[in-house]
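Peer 1: Encoded as structure tokens, here's the structure I'll be asking about.
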Amino acid sequence: MVNKLREKRLEKGISQVFISKKLGYKTPSWYANIEAGRNKISLENAKKIAEILEVPIEEISFTEKLHETCNLEG
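Under my numbering, the residue at position 13 of the sequence shown is numbered 3, and the numbers go up by one with no gaps.
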């Protein structure tokens, strides 16, 4: 997920600050930590990021991680 997320953001010329503001984070470091794999992300924010980047959610590979999490809980 990490490399694809950063790659797609850079392809679109979008900054971490821009996405952070769209997600309602007070600082860009929270989003930077998502890209680095240090922070987990909610399904709601995964959908928002996919919309911002104008890609299907599957393209940035959130669904695999979310699916694994759901299987562990179920």
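Glycine included, every Cβ here is placed at the ideal spot set by N, Cα and C. The structure displayed is predicted, hence computed values, not measured ones.
#1: Determine the direct distance from the alpha carbon of Arg(-1) to that of Ser5, and round the result to whole angstroms.
#2: Just to confirm the assignment, what range does the alpha helix (DSSP H) spanning Tyr15 have?
#3: Would you call Lys48 buried or exposed, if buried means 16 or more other Cβ atoms sit within 10 Å of its Cβ?
#4: Since Lys37 is in the alpha helix (DSSP H), which residue starts that stretch and which ends it?
#5: Identify whether Ile47 lies in helix, strand or coil by the three-state DSSP scheme.
Peer 2: Let me lay it out:
#1: 7 Å
#2: That residue, Tyr15, is in no alpha helix (DSSP H); it is neither H nor E in DSSP.
#3: Note that residue 48 corresponds to Glu in the displayed sequence, not to Lys. Exposed, since its Cβ has fewer than 16 Cβ neighbours within 10 Å.
#4: Leu33 to Leu43
#5: helix
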